[in-house]
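To keep things clear, I will list the structure first and then write my remarks on it.
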Amino acid sequence: MFLILALRIDEVATSCWPHPTLTRRAAADIMPFTGHEEIDRAAAFSNDRNVTTRIAEWLRGVTLDDGSELAGVKFESRVGNDTCWAYWMRRTDLGLTEVAKATAGVEISSKEPAMVAVTEAWEIRTW
C-alpha cells in the first residue's frame, strides 16, 4: 500500500493517508506514464525501474484538491518489512533554500542529536 505524504512547503506538520488510486487501481492518467492500466502490488514493487520511476514521476505531478502538491510518498520496502520514504525537494523548484542538505563524504552518526530528534519524531529506525 502506498501512503501519500501531504506537506505544504510552509508547514511543519504532515499527514499521511492511504491513496486508493494506488492501493486498488490506477487513475486513468497513470497509463501514459507506466503503460499499465492498473498498478497493483506486483507492478509497484517490481524490479522494473521504468515502471517504479514513472509511478514516482506521476505522483510528483499530482495536485491535491486544496491546490497543494505532494511532499513525498511513504511505502513498504520491496525487500523487507520496513517503511521507505521518498521526499521531493520542492523548495528547490521554487528557487528557495532547501531545508535538507546533502553533504559529500560526511558520516552522520545515529547518535547525533539532530539525527536522534528526526528519527524519534518520524519513528525511523537507523542502523
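Per our numbering, residue 1 is the first one in the sequence shown, and the count goes up by one each step.
Built from N, CA and C at the ideal position, the CB exists for glycine as well.
- prompt: Residue range of the alpha helix (DSSP H) that T83 falls in?
  reply: Not the alpha helix (DSSP H): T83 falls in the beta strand (DSSP E), residues T83 to Y87.
- prompt: For the beta strand (DSSP E) that contains A117, what are its first and last residues?
  reply: Per DSSP, A117 belongs to no beta strand (DSSP E); it is in the alpha helix (DSSP H), P113 to A121.
message: Closer than 8 Å is the cut-off here; do at least three beta carbon pairs connect the region 70-80 with the region 52-62?
response: The answer is yes - the region 52-62 touches the region 70-80, with three or more Cβ pairs under 8 Å.
- prompt: Between T23 and S77, what straight-line distance do the alpha-carbon atoms span, to the nearest angstrom?
  reply: Interpretation of T23 is limited by its pLDDT of 40, a score under 50 that renders its predicted location unreliable; the figure taken from the coordinates is listed afterwards. Each residue's Cα considered, the two are about 15 Å apart.
message: Output needed for F45: all residues of its chain with C-beta closer than 7 Å, excluding positions within five of it in sequence on either side, in chain order.
response: Only residues of its own chain outside the window of five on either side were considered, and among them R78 have a CB closer than 7 Å to the CB of F45, listed in chain order.
query: Is DSSP giving A71 helix, strand or coil here?
result: Residue state for A71 is assigned as strand, using DSSP reduced to three classes.
task: Quick one: using the 10 Å Cβ neighbour count with 16 as the cut-off for buried, is W127 buried or exposed?
output: Under this definition W127 is an exposed residue.
message: With H, G and I counted as helix, E and B as strand and the rest as coil, what does DSSP make of T53?
response: helix
- prompt: Taking the Cβ atom as the reference point for each residue, do R90 and V99 lie within a distance shorter than 8 Å?
  reply: no
task: Give me the Cα-Cα distance between W122 and P113, rounded to the nearest whole angstrom.
output: Spanning the two alpha carbons is a distance of roughly 14 Å.
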